[in-house]
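Chains as they are written, first to last, in my numbering: chain R, -13 to 146; chain C, -13 to 146; chain B, 2 to 477; chain Z, 2 to 477.
Right, one structure below, let's go through it.
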Amino acid sequence: MRYYFVNQDMKEFSIDAEIIPGAMEFTHEGKKSQIWIRKLAGKNYYSFDQISWKKLPSLGVNEVLVSHSEVYKVYRGFKPSGLNKGGAGALITQMPGKLVKIFKKIGDTVVKGETVLILEAMKMENEIKSGADGTIKSINVKEGQALEAGFLMVEIEEAK
Amino acid sequence: MRYYFVNQDMKEFSIDAEIIPGAMEFTHEGKKSQIWIRKLAGKNYYSFDQISWKKLPSLGVNEVLVSHSEVYKVYRGFKPSGLNKGGAGALITQMPGKLVKIFKKIGDTVVKGETVLILEAMKMENEIKSGADGTIKSINVKEGQALEAGFLMVEIEEAK
Amino acid sequence: MKGKRVLIINRGEIAIRVAKALNELGLVSVGVWTDNETEPPHLEFCQEWVRLEGSNNKDTYLNIPRIMKLIDDYKIDGVHPGYGFLSENREFSEALAKKGITFIGPNPEAVYKMGAKDISKQIAKEAGVPVVPGSTGEVETIEEAIRIGNEIGYPILLKAVAGGGGKGMRPCANEAEVKANFAAVQREALSSFGYAALLVEKYILNPHHIEVQILADKKGNVYHIFERECSVQRRHQKIIEEAPSPFIGTDEAVRKEICETAVKCAKAVNYDSAGTVEFIMGEDKKFYFLEMNTRIQVEHPITEEITGVDLVANMIKAAFNQPLDFKSQDEIQIHGHAIELRICAEDPITMLPAPGKIAGFETTFPQGIRFDHCIYPKFTITPDFDPMIGKLIAKGFNREVALRKVQNALDGLVIEGIKTNIALHRVILNEENFRKGKYSTNYIGTVKPQEKVAPKEDLQAFMVKIAAIEQNGAKA
Amino acid sequence: MKGKRVLIINRGEIAIRVAKALNELGLVSVGVWTDNETEPPHLEFCQEWVRLEGSNNKDTYLNIPRIMKLIDDYKIDGVHPGYGFLSENREFSEALAKKGITFIGPNPEAVYKMGAKDISKQIAKEAGVPVVPGSTGEVETIEEAIRIGNEIGYPILLKAVAGGGGKGMRPCANEAEVKANFAAVQREALSSFGYAALLVEKYILNPHHIEVQILADKKGNVYHIFERECSVQRRHQKIIEEAPSPFIGTDEAVRKEICETAVKCAKAVNYDSAGTVEFIMGEDKKFYFLEMNTRIQVEHPITEEITGVDLVANMIKAAFNQPLDFKSQDEIQIHGHAIELRICAEDPITMLPAPGKIAGFETTFPQGIRFDHCIYPKFTITPDFDPMIGKLIAKGFNREVALRKVQNALDGLVIEGIKTNIALHRVILNEENFRKGKYSTNYIGTVKPQEKVAPKEDLQAFMVKIAAIEQNGAKA
């Protein structure tokens, strides 16, 4: 079975794995490896050799874990839109926050590094800059709006 | 709905109760009372006034809790037989242990206070004495046998 | 005091710490929940839970009228503000005083006097406490700057009156540098703040932030509970604290002097609760008064650990005019060494806040660890509050043992689902200068431990998760 | 020392305590699981888990050949025995020595000498340590008994040689009582033990059980870590311990004397690890050597709390010939007060063991509490092991504070599904004599706190459970 995985930094991994009794066997770049799981006092432990065991804090995956089209669990409120819109022209919230100001409107031209909007998070104002030269294609937020992480705020049509 | 309850000391209770939103309303000896339940950080809390709250260690009941014929949970391995055989002529294990010695056989006469058998528990030998004068009616154990709590070891026919 | 009903106007780990002390002393701890945090973990330790209406801090933890109403509605006898929020708000403590409600903190007068920077400096001066030397007012000319430089001794700092955040200030090692820089700093000041006026003050190289814990009662007894070293900072916020200070080390004369100076400051404002006097100390171990915090502080646990004094319990006793646990300064002694690491929901490299929802939380600690926190699995850290979610504290027979324990504890602290500064702490604890106890407030800026943070092994963590999920035959 | 692989041949809270220390010191903690306890909670703190085949203690924790095989199979460098099991077994420590495996405990010679009661008493005598005065051998006649009585002073105890458990002994306040009782005790001895011979020894009224913690290294340094008062006992087993001893109190002369006497005992057997010298102390504060325990003890935490010395970590360092955390006796000082309550799975009134399965477990503790335990929800306490499942330890600035904290902690300790002695501890902590620190080993027998244990409110608990079960819409 093949698994896909996208971490907090939008980096993507994939790996093949099969279930064997008490463990999971992985194949990565031709190498095989097993990870054993054992329960103790109600908690999960994992081991690579069945002698050394480490506690597993939770079964929850905080990023996006997909196994052949089946989404396991999404803790950080990533909108699926966030997944395939990681490009330079997509301004996506990296943390929950409140939109303070938008400096552009649809159709405006922007240059790479130009501040498009200001997002307030954890009592700090963050200038969100354009990742590319181009024109504003869509604006999906308005000032004062509260946003969760992974929200696509603005799309920029990159100049060819 | 009526609930029945038998505690560790074989004492029995019964009470009437109805489910109301967020709480349970009890009627005992004509008096009505409510107990409110609220979840916090994954734990259950209970309150009698919705202001003072106390943590509830678990939903598990360690004794026998019966609601109109439905047995909820039995933690201490009481055999149902143990429930209605609390009399002076019934020798029931009060804790798990190992039977070391039986001094009597079926038909033997015993006097109240006479040692009938020895039960080893927590590295200590406990002399189990007859609670009444009478004759041994049944012996449900053999020497060396491991027993859980609430097991009816010996029945004594009480002398009239 | 027993049976008094005390409202805790705070949240998180400090609300828990305060509730513990109240319960232990036989008072009734009353905690609040707000509409943007309906199930706050601190309520676990509060005997009573009441609603503080509103969904942002202005309407809740900072809303004096609403809090006064709660006090009426629930027959409250006293209030503990924790730190932040209304803990150093004169208006609040006066409003309580008017109502005859016990404020668990100092008298309003002390809050006011130490709250205003200029006034507190003046009071310190008058009490004979050294403050950073410099010009009393604005400095118009190069000549005047040089005159002051010769007076207080070089190096000096040329600083825009309206300055801040590193902008519009420049150190000068001698007259020549003053001549060379004066005009430039004026221009910088003008362009940055629209106001060219400058100040001159002594420039302290590699300064240490050292503070002294004060505990005082309403009978005029003022004690010091020794010092804390808080020089490991980012964005002028502490992230690691130790007690006693490794910089003062075995120099008992300096320790005695700074502690007794702190007592002087507290006495100057008739201080009558737990508080902290902050100093800046130069490489020459000369120290100068910065400010006094008239509240219980985040880093109070390390002082509790090395002295055995329960600061929060004694703060409550003082407020209700009960005798403290001790009767003389000599009863208080340093015993061992303690270190505190602030665990924050932030990126370990950029050190920027990173709120989110906790997916997993596990601790496997050695003996001698104290973890003051408000973390539980599935707890959501919102942007509304400070990113600090816990304080990992180790006490050891000496600094080496404390370091060993806190390092092992850090390996046993696992928080999943959010970014934390745990990885940064790991680097610092292994960094040579820190291990030797040789660091100033420039530490993060110059040693840059954040650049040595190792990237986490995503792929392996990913495999372990898959194995666990499949073996549990569940989607967690 | 770092990287050494250490096998822990124990279970429960002490296996956890040892594993914590090993991990912290950078060693590899290897824990065992047996066939009658396949998921023991102590493995949570062990880095490696290995199987010790067998389902009763004779085949597992007491089976030396099997343990030696594990040591070979898993390349073990050292062994920590905890307490009980093989912790004071000369054969085991010799077997390890022969193989060159480090035994984390004293040398086999010391284990042997202090293990045999008669030899240890002899060694103590020779070292000039007081032992309970009495007849050297059997006493045949009344006249001889009286002679000894006059020699050692009344009251004396007439005691069957084969005696024990209170049978065949009688105290005599003077010659007349000796005359009156001698024959009777002989008869009692004959009937109970089939052997009439008697011993005479000094009878100590209201005795205190006071013990001194020893920590020694392999270089001949022997330190005392002050005393513990362990007089609250049932069936000659401790249930509450305090440090320092409230009976010795501020009498520093006696404290110094008993501690230095303990050091003498330890030096007499070239002691080189952590150990405890037990004394019996009379109302006159005269004390006599009872025995020496050549292992880490259950109640070691209270000593760690008041001195800041990590006994288990230092015991490991000593075994691997590493320097201890301190270099002189003066570095070790008493700081505050600590109390330990042993939490046992037993009936609070009869004090008889009551094993079973834990249904629920919750703790809500104040600051300054340490709970060494092996409890988790659904943990089954089997009759195979000691009924002690946890140790609730409080440290305070003084005894009053420690009492306050441990009492509050006890209210916050909830264990459901089994009977525990929590209710008994609650009575004792409220009992006047205990609060005043005025108690001897007769405390449980004479004050009888067990008779004041309040019956638990079954009906209310029952209603709460129903409410929770129904509201959770589950059968739990």
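Backbone N, C-alpha and C fix where the C-beta goes; we use that ideal spot for every residue, glycine too.
Cα-Cα separation between residue i and residue j, rounded to whole angstroms
{"i": "Glu258/Z", "j": "Ala98/Z", "result": "35 Å"}
{"i": "Ala27/R", "j": "Met115/Z", "result": "38 Å"}
{"i": "Glu49/Z", "j": "Asp119/Z", "result": "41 Å"}
{"i": "Glu95/B", "j": "Met389/B", "result": "30 Å"}
{"i": "Cys47/Z", "j": "Lys3/Z", "result": "16 Å"}
{"i": "Val60/C", "j": "Ile9/Z", "result": "Residue placement at Val60/C is flagged as unreliable, the pLDDT there being 31, under the threshold of 50; a coordinate-derived value is accordingly withheld."}
{"i": "Val97/R", "j": "Val86/R", "result": "21 Å"}
{"i": "Asn409/B", "j": "Glu341/B", "result": "13 Å"}
{"i": "Ala185/Z", "j": "Pro156/Z", "result": "17 Å"}
{"i": "Gly68/C", "j": "Phe463/Z", "result": "Because Gly68/C carries a pLDDT of 34, less than 50, the predicted location of this residue cannot be relied on, and the following value inherits that uncertainty. Distance between the alpha carbons of Gly68/C and Phe463/Z: 20 Å."}
{"i": "Thr35/Z", "j": "Leu353/B", "result": "49 Å"}
{"i": "Phe93/Z", "j": "Gln330/Z", "result": "32 Å"}
{"i": "Leu159/Z", "j": "Thr262/Z", "result": "28 Å"}
{"i": "Ser121/B", "j": "Val133/B", "result": "13 Å"}
{"i": "Asp385/Z", "j": "Gly55/Z", "result": "13 Å"}
{"i": "Asn175/Z", "j": "Glu202/Z", "result": "13 Å"}
Chain C contact for residue i (CB, 8 Å cutoff)
{"i": "Asn11/Z", "result": "no"}
{"i": "Met1/Z", "result": "Given that chain Z is displayed from residue 2 to residue 477, the structure contains no residue 1/Z and the question cannot be resolved."}
{"i": "Gln472/Z", "result": "yes"}
{"i": "Glu38/B", "result": "no"}
{"i": "Pro356/B", "result": "no"}
{"i": "Lys379/B", "result": "yes"}
Per-residue DSSP class, three states only, for residue i
{"i": "Glu243/Z", "result": "strand"}
{"i": "His336/Z", "result": "coil"}
{"i": "Leu8/Z", "result": "strand"}
{"i": "Tyr272/Z", "result": "coil"}
{"i": "Asp387/B", "result": "coil"}
{"i": "Ile359/Z", "result": "coil"}
{"i": "Pro354/B", "result": "strand"}
{"i": "Asp459/Z", "result": "helix"}
{"i": "Gly195/Z", "result": "coil"}
{"i": "Ile467/Z", "result": "helix"}
Which listed residue (the options) has its alpha carbon closest to that of residue i
{"i": "Val42/R", "options": "Asn182/B, Pro378/B, Pro450/B, Arg6/B", "result": "In the sequence under discussion, the amino acid at residue 42/R is Leu, which differs from the Val named in the question. Nearest C-alpha to Leu42/R: Pro378/B."}
{"i": "Ala314/B", "options": "Asn24/B, Ile9/B, Glu14/B, Leu44/B", "result": "Asn24/B"}
{"i": "Glu144/R", "options": "Lys25/R, Phe89/R, Ala118/R, Leu105/R", "result": "Ala118/R"}
{"i": "Ala339/B", "options": "Ile15/B, Ile124/B, Cys231/B, Lys318/B", "result": "Cys231/B"}
{"i": "Phe130/C", "options": "Ile142/C, Ile122/C, Leu103/C", "result": "The sequence shown places Gly at residue 130/C, not Phe. Checking every option, the nearest Cα to that of Gly130/C belongs to Leu103/C."}
{"i": "Trp22/C", "options": "Arg(-12)/C, Tyr32/C, Ala76/C", "result": "Tyr32/C"}
{"i": "Leu404/Z", "options": "Leu430/Z, Ala128/Z, Asn422/Z", "result": "Leu430/Z"}
Beta carbon proximity, residue i to chain B, threshold 8 Å
{"i": "Val37/R", "result": "Looking at the sequence itself, residue 37/R is Ile, so the reference to Val does not match. Output row for Ile37/R: interface = no."}
{"i": "Phe12/R", "result": "yes"}
{"i": "Lys41/R", "result": "yes"}
{"i": "Asp331/Z", "result": "no"}
Contacting residues, own chain, Cβ-Cβ under 8 Å from residue i (five flanking each side not counted)
{"i": "Asp78/Z", "result": "Lys5, Arg6, Val7, Ile102, Thr103"}
{"i": "Asp252/Z", "result": "Lys286"}
{"i": "Asp311/Z", "result": "Ala22, Glu305, Asp326"}
is_contact[residue i, chain Z] using C-beta, thresh 8 Å
{"i": "Met81/C", "result": "yes"}
{"i": "Gly28/R", "result": "yes"}
{"i": "Ser67/R", "result": "In this prediction, Ser67/R scores a pLDDT of 32, lower than 50, which makes its location untrustworthy; no coordinate-derived value is stated."}
{"i": "Asn409/B", "result": "yes"}
Any chain R beta carbon closer than 8 Å to residue i
{"i": "Ala16/Z", "result": "no"}
{"i": "Phe362/B", "result": "yes"}
{"i": "Glu45/Z", "result": "yes"}
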